[in-house]
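Structure first, commentary second.
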Amino acid sequence: MKKFILILLIIVIPIIFIDNIQDYFYGLRVKNHLKELEKKVSEKDLIKFLRERFIDKRGLIISEIRNNKPSNYSLLESYGELMEYALQKKEQKLFDILLRNIKKYFLSQEGYLYWRINRKTLRPDNATALIDSLRILYNLVSAYENFRKEEYLKEAQKIADGILKYNTFREYFLDTYDGTSKKKIFKISLFYLDLEKIKKISLYLPEFKKYYSSAKNILEGYTKTHSPFFPKEYDYISKKYIFTENINILEQVLIALNMENKKNIDNFLNFNNMELYKNGKIYSYYHLKGEKIVNNEDPTIYSLISRLYMKMENKKKALETLKLIQRFENKKGIGDFENMNFYVFTQLETLLTLSMMEKRGYVNE
């Protein structure tokens, strides 16, 4: 028995060692590609901050830094954002390395994508988040569109199969699937329903067309109220939209960005215009009736609202709103430098906004 264990250790330990070395090699590649990207783009300082503070030795993306200490978690969301940015910059090699890490660390044996992993133990939180899986799928079909590599469509089909099996019922999308309890959650958060991305996916994967139609109906089908805010989610069991008393403005901006009918966002945009006019800022949370319930701001909100103004083709307001992020900038990153708290979501969404603006000629005029 002891001899068998010894032989097993002799076989297994080198395999683990080689696997770790390979992981660290790919981690270096992620950092090196980001370093090369710094030389090419106008948002080089933000890329450097991301590379130095949020990429670990395996190339996993750290979710946040609190009190100057990196979190143990890595989010699928972050990969989707950085992959989308890589596509905007035509950086195929960086895209491919990020895809490699997703397949290795986030793809379950059952075919669905984990929303989060512990980057130290590499153990996943065994559940999906539709919004994150859809972004990965969107990036894969966009990569095929950009680079005409058939492998991207094959990978897209695998991810699509997982979404259709675990994050849908009938012709509807579902928020999440819990892999531990083996249960689907029969509701959908409206900020998950990015119609533009779903429409692009359906061009290459026609089975998604019916989900685009149902998503559009749910997103834009609620009864308008006197509140400037949107419902948070739709419950399939009760067949009702759910409003919460405490309104998360970040989620609200994402819902507004998801809308195809621009008239649907007028009241919400007017509310933000009024807050900026009266207070020079937009708070993170409000009561459903419109009163603020916290004093703190989230700089990501300004980045996303800038995109709303771009959507409305209001260049002046888009640039003015983006400038509000400068209050949170120091040492080239964005966040709370007094307490040393930073979110990778903020860095990545701002990178995407800056890239979109530059593409439209809004920046560096």
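Using this note's numbering, read the sequence shown as starting at 3 and increasing by one per residue.
Where a beta carbon is used, it is the ideal one built from N, C-alpha and C, also for glycine.
Nearest-angstrom Cα distance between residue i and residue j?
{"i": "Y213", "j": "I23", "result": "42 Å"}
{"i": "L48", "j": "E351", "result": "11 Å"}
{"i": "L324", "j": "K184", "result": "43 Å"}
{"i": "R118", "j": "L166", "result": "20 Å"}
{"i": "K283", "j": "N120", "result": "35 Å"}
{"i": "F56", "j": "D98", "result": "19 Å"}
{"i": "N366", "j": "E147", "result": "Any reading at N366 needs caution, since the residue's pLDDT is 48, under 50, leaving its predicted position unreliable; the model's value is listed next. Rounded to whole angstroms, N366 to E147 spans 28 Å at the Cα level."}
{"i": "I63", "j": "S215", "result": "34 Å"}
{"i": "I18", "j": "S65", "result": "The pLDDT assigned to I18 is 45, lower than 50, so where the model puts this residue is not dependable, and the model offers no usable value."}
{"i": "T170", "j": "E209", "result": "12 Å"}
{"i": "I203", "j": "M342", "result": "39 Å"}
{"i": "Y285", "j": "Q328", "result": "16 Å"}
{"i": "R362", "j": "N316", "result": "12 Å"}
{"i": "E54", "j": "L306", "result": "24 Å"}
{"i": "K59", "j": "A145", "result": "26 Å"}
{"i": "A162", "j": "L139", "result": "7 Å"}
{"i": "Y168", "j": "D180", "result": "9 Å"}
{"i": "M314", "j": "Y236", "result": "26 Å"}
{"i": "E198", "j": "N70", "result": "37 Å"}
{"i": "Y364", "j": "E322", "result": "11 Å"}
{"i": "T302", "j": "E277", "result": "16 Å"}
{"i": "F245", "j": "F27", "result": "47 Å"}
{"i": "R172", "j": "I187", "result": "14 Å"}
{"i": "N275", "j": "L132", "result": "31 Å"}
Spell out the partners DSSP gives residue i in its beta bridges.
{"i": "K242", "result": "D237"}
{"i": "R68", "result": "K71"}
{"i": "F232", "result": "In DSSP, F232 forms no bridge with anything."}
{"i": "N275", "result": "Per DSSP, none; premise fails for N275."}
{"i": "T225", "result": "T225 pairs with nothing; no bridge assigned."}
{"i": "T348", "result": "Its beta-bridge partners do not exist; DSSP assigns none."}
{"i": "D338", "result": "N343"}
{"i": "T170", "result": "F175"}
Taking C-alpha atoms, which residue in the options lies nearest to residue i?
{"i": "L221", "options": "D196, E153, D58, T227", "result": "D196"}
{"i": "L354", "options": "F339, K46, N34, L271", "result": "K46"}
{"i": "E86", "options": "L136, K41, S73, K37", "result": "L136"}
{"i": "Q349", "options": "E38, K50, N103, Y243", "result": "K50"}
{"i": "E157", "options": "I303, D338, L109, F188", "result": "L109"}
{"i": "S73", "options": "L326, F330, T123", "result": "T123"}
{"i": "F347", "options": "Y364, Y26, E79", "result": "E79"}
{"i": "L52", "options": "K41, K37, S44", "result": "K37"}
{"i": "L192", "options": "E173, R102, A217", "result": "A217"}
{"i": "L115", "options": "K151, K95, S76, E153", "result": "S76"}
Where does residue i fall in DSSP's three states?
{"i": "I190", "result": "strand"}
{"i": "D180", "result": "strand"}
{"i": "R118", "result": "strand"}
{"i": "Y288", "result": "strand"}
{"i": "A131", "result": "coil"}
{"i": "K151", "result": "coil"}
{"i": "L124", "result": "coil"}
{"i": "N266", "result": "helix"}
{"i": "L39", "result": "helix"}
{"i": "L77", "result": "strand"}
{"i": "G164", "result": "helix"}
{"i": "N316", "result": "coil"}
{"i": "L109", "result": "strand"}
{"i": "K33", "result": "helix"}
{"i": "K92", "result": "coil"}
Following a CB-centred definition, is residue i positioned closer than 7 Å to any heavy atom of the ligand ATP?
{"i": "E45", "result": "The ligand ATP is absent from the structure shown, which contains no ligand whatsoever."}
Cβ contact check for the region 354 to 361 and the region 78 to 90: 3 or more pairs under 8 Å: yes
Inter-stretch contact (C-beta, 8 Å, three-pair minimum) for the region 237 to 249 and the region 257 to 268: no
Touch test, the region 30 to 39 against the region 302 to 318, Cβ-Cβ under 8 Å, three pairs minimum: no
Segment contact, 8 Å Cβ cut-off, at least three pairs: the region 290 to 300 with the region 219 to 235: yes
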